[in-house]
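Residue numbers for the sequence shown follow UniProt numbering, so the first one is 1 and each next one is one higher.
Ideal Cβ positions, reconstructed from N, Cα and C, are used throughout, including at glycine.
Given the structure is predicted, the values throughout are model-derived calculations rather than measurements.
Here is the structure we will look at.
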Amino acid sequence: MTLVHAGVGPEPGNFLLVLCFAFGSFVARLLLDRFVYKPLAMKLLSYKAVPMINDEAKWSKIAKCSESMWKLTYYAAVQIWVLSIIKQETWSLDTKEYFKGWPNQELKSSLILFYMCQCGFYVYSIGALVAWETRRKDFSIMMSHHIVTSVLIGFSYITRFFRIGTMILALHDTSDVFLESAKLFKYSEKEMAASLCFGLFAISWFLLRLVYFPFWIIKASSYECVEALSWMENFPTTLYYVFNTMLLTLLVFHTYWWKLIFAMIMKQMSNKGQVGEDIRSGSPRVTSPEKPDFFCVQILKMENEHCCCPDIAMGADFVVHPSFFYVKIKQAPDRFFHFLVSLAECLLPSVSARLVGSPFSICCPGPRTNRTRENLPLLLSSPSRGGAPWDSFVRAPPWGGREMDLVAQGGRRARRRLLVRAVFLLYLMTSAHCLDAERAVSGRRKKKAKHEIKGPIKTLVVLVMENRSFDHMLGWLRTKGGRPDIDGLTGHEYNRLNASDPSSPEVFVSDGAAYVDSDPGHSFQAIREQIFGSEDTAAVPAPMSGFAQQAESMGEGMASTVMRGFAPDAVPVYSALAEEFAVFDRWFASVPASTQPNRFYVHSATSHGATGNVRRDLVHGFPQKTIFDSLDEDGLSFGVYYQNIPAVLFFKSLRKLKHLVKFHSYKLAFKLDAKLGRLPNYVVIEQHYFDVKLSPANDDHPSHDIARGQRLVKEVYQTLRASPQWNETALLITYDEHGGFYDHVPTPVTGVPNPDGIIGPDPFYFKFDRLGVRVPTILISPWIEKRTEKLPKVKSLRPFGPREDKVLSEFQVELIQLASQLNGDHVLNTYPYIGKGMTVRQANRYAEDAVARFLEAGRAALRAGANESAIVTMRPALTSRISGWSSDASAQSI
């Protein structure tokens, strides 16, 4: 066939090439699928040695993977081809040249082939979309896009709009290369590469299809086309309107898909950077449910029923209740149905069962049936262990999807057995003694009468920073910050290196504090020495003389470190806020102890006897009543906006199912809730506690960069100030404890009441009759007389970025122990070693995964109708092991 070119114009005969390319695409796809793509997909997805019978989910994933391989191959090849073509053309970067010389523009053979190839591919794509490829929820939009694109290619070829048509095709194929690459990496579980490609896809889509396409291409076809062709006597207005209508139609499609892409971006952010299963369009018909890597969420509550399974209960009281169970399993969907049937049989005395599959731990009513672990009628076994085989196999989950397809292997007897078990399950789920009818039917709880807040402040936001003293952060405001009314530093304060030796060298305070790459002592014993200079605690007032002595005992030069404070310009946000709002210069830490006891006091006014880290309490949760409980009783709302791991989960009551919905991602929810005016009455903001490159720590804990903490405070303040709730909001910024840094104001040692009469553990038996060291505290509200409009910028004092390979601080180890409880790893023999060998990077990943799994499990249980007062207790997988803590080590809970 002769290709027409060089200004003569296109011939209709060239469209025979479209059919050739369409058929060639079909044959190429068929052969590559059979001999290249599917074998490669099975290898990438590691399914080669796995039985594929009756497993549509795996086959579907392989089909999608091979589909993406085909598209990536085509788009990459065509993109290279078109770039080589337009690279040689002078008109490619000048939109005014697109129509110059029309209709006698030169048409080269390479451009004709490219046009016919693209048109043939989209004709093939229309057929493949109908009969071959996975149908997604944007099927109609995708079909319309392919049709419009095919017509646009043919129309631009016939009307000789070659140049602008070529540029449109070049723009569209670029982003598809990144899209298909992201899909392939996602299918092969290369999350980082998938996230990177998806990011490149989103950026290229936005720039090329939503910026360059409308503001250059459509502009050129709408305006510059008229300028270039207005000299013609017979201007083709019909061609102009038809061509531009199709371009605008494409822009509508681009906008619709950008909405889906943006939703994927938000989902990726909520998944800690992991790309979702389907990019740009989701599947409308789900053939198999999502199966997270946990098996069940536990159930806690009432009626004097106790768990007879110690590996689940961990000493807590449990009651089994079908409506309380929410089960998601990693095994095939039929196991879920079998589990529910076996649970029914377990609870009905006259029924027994033998099932194939992994042994499940069942928590059964104790007193009601007088059963023990040994005489449970439930026996889980498999043919390989001598158990009777399960004679039928359920292909679809009982909660939805297609109808159950029972494949009988043992004849009518197997079907009858399954039917009997299903009837028992139905009876059990509807019986009065096992089902809370009100909760199961309505899913609602009685609303409490909301307490009326009579004052002007309706929302209190609490931000508790980490480990800095008042003099260390705000002390120099007195002499160098224009606040002589504040009880700060004069420059004459000092400590001796030996508090009991009057001739010992003096270490004076200074304003040269900078980045602190060490963590001064702040244990109960260290703080006692800092306050009194010795073990004698009888001095009144407290001399505050042992800071330099205690610090120097930890390392040479540490004394001068703890005696330094920040100049006002080093903490500009605090300096501005202190100038305009209320500064408390008599706010002391509640306990002369480390982080956790003081954080407990913030929300519960007691540490329940804790003066340090007690493993048992951390695992089971602290039982005291909290402000969260009081708010709930009074019908008031609260919310926890966390960035890494919410430390308030050390409180046992906050692990109740009804409270888990009140935990929100700070990055995704705080600004949005503030902007919409829906912040709750009590807001707790938790910082990022682990210093990693992607999200540096912003809690001010040494050795973290305080500039990050300053920026967090600034962000919170500006977010609240822009909220419609600002006029009824107060923001309290404080610190849990002083972190070992010097403060000159004597801590109160008399007249301090013990909040609950509990005495601390040995060896100190602390009576909670004195406070800790003074800490910085600022109260911000429009009801405070002076205001400020804009906070200054913050400069970092740290000369380098986060050190992800550092060992964990004491506080971070405590957070990892909390995470181990949320993850279910607290029952393992290796629990005492969790966190000891971790780096900051590993701890950050472990904590975030644990929180995500815990909250997901709890919320899922709520949606399934579980008792909202139940406390979630996670269990680890039967195969969980923790050793070495390599970068990919993790403990999964089932």
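| Query | Result |
| --- | --- |
| Presumed contact (8 Å Cβ cut-off) between F253 and I141, rounded CB distance | 6 Å |
| Whole-Å CB distance - V123 paired with T249, under 8 Å assumed | That pair is no contact at about 18 Å. |
| Proximal residues to F663 (C-beta, below 7 Å), its chain only, five neighbours per side dropped | V640, Y642, P646 and L855 |
| Neighbourhood of I153 by C-beta distance below 8 Å, restricted to the same chain and skipping five residues each side | Y115, Q118, C119, Y122, G165 and L169 |
| The region 531-549 / the region 725-737 touching (three or more Cβ pairs under 8 Å) | no |
| Contacts around D33, its chain only, beta-carbon distance under 8 Å, and the 5 residues preceding and following it disregarded | S66 and W70 |
| Whole runs of the alpha helix (DSSP H) within the region 129-178, excluding any shorter than 4 residues | 139-158 |
| Distance between beta carbons of V683 and V462, contact taken as under 8 Å | 7 Å |
| Alpha carbon of A63 to alpha carbon of A22, nearest angstrom | 21 Å |
| Burial state of K767 (16 or more Cβ within 10 Å) | exposed |
| Sub-8 Å separation of I457 and A41 beta-carbons | no |
| Top-ranked residue by Cα proximity to F204, from E715, C225, L107 and V177 | A small correction: the amino acid at residue 204 is Ser; Phe does not occupy that position in the sequence shown. Considering only alpha carbons, the answer is V177. |
| Buried versus exposed, by CB contacts within 10 Å (16 or more), S503 | exposed |
| S66 - partner residues in DSSP beta bridges | S66 is not bridged to any residue. |
| Local conformation of Y75 per DSSP, three classes | helix |
| Cβ neighbour criterion (16 or more within 10 Å) applied to P484 | exposed |
| N- and C-terminal bounds of the beta strand (DSSP E) containing N495 | Y494 to R496 |
| Contact set for G677: own chain, Cβ-Cβ below 7 Å, skip 5 residues either direction | S723, P724 and Q725 |
| Buried versus exposed, by CB contacts within 10 Å (16 or more), D569 | exposed |
| Inter-stretch contact (C-beta, 8 Å, three-pair minimum) for the region 797-817 and the region 699-718 | yes |
| Terminal residues of the beta strand (DSSP E) in which M192 lies | Segment E191 to L207 is the alpha helix (DSSP H) holding M192; no beta strand (DSSP E) there. |
| Nearest residue (CA-CA) to E686, options A697, A548 and F213 | A697 |
| Rounded C-alpha distance that separates G521 from V773 | 13 Å |
| N-terminal and C-terminal residue of the beta strand (DSSP E) that F663 is part of | F663 to S665 |
| Buried or exposed by the 16-neighbour rule on C-beta atoms within 10 Å, applied to M167 | buried |
| Three-way DSSP call (helix, strand, coil) for T255 in this model | helix |
| Short Cβ contact (8 Å threshold) for A857 with M874 | yes |
| Cβ-Cβ distance between D511 and A567 below 8 Å | yes |
| Nearest-angstrom Cα separation, counted from A202 out to I217 | 20 Å |
| Supposed contact pair V509 and M563 - C-beta distance, whole angstroms, cut 8 Å | 5 Å |
| Beta-bridge partners of F508, as assigned by DSSP | Y494 |
| Within-8 Å CB hit, K64 to chain B | Any reference to chain B falls outside this structure, which holds one protein chain only. |
| Nearest residue (CA-CA) to D585, options E579, A850 and F470 | F470 |
| Nearest neighbour of K38, chosen from T626, L208 and S68 [CA to CA] | S68 |
| Beta-carbon proximity list for T430, same chain, < 8 Å, skipping 5 on both sides | Any reading at T430 must be qualified, since the residue scores a pLDDT of 40, below 50, and its modelled position is unreliable; the value itself is stated next. Around T430: no qualifying Cβ. |
| Helix, strand or coil at T468 according to DSSP, with G and I counted as helix | It should be pointed out that residue 468 corresponds to Arg in this sequence rather than to Thr. If DSSP states are grouped into helix, strand and coil, R468 belongs with coil. |
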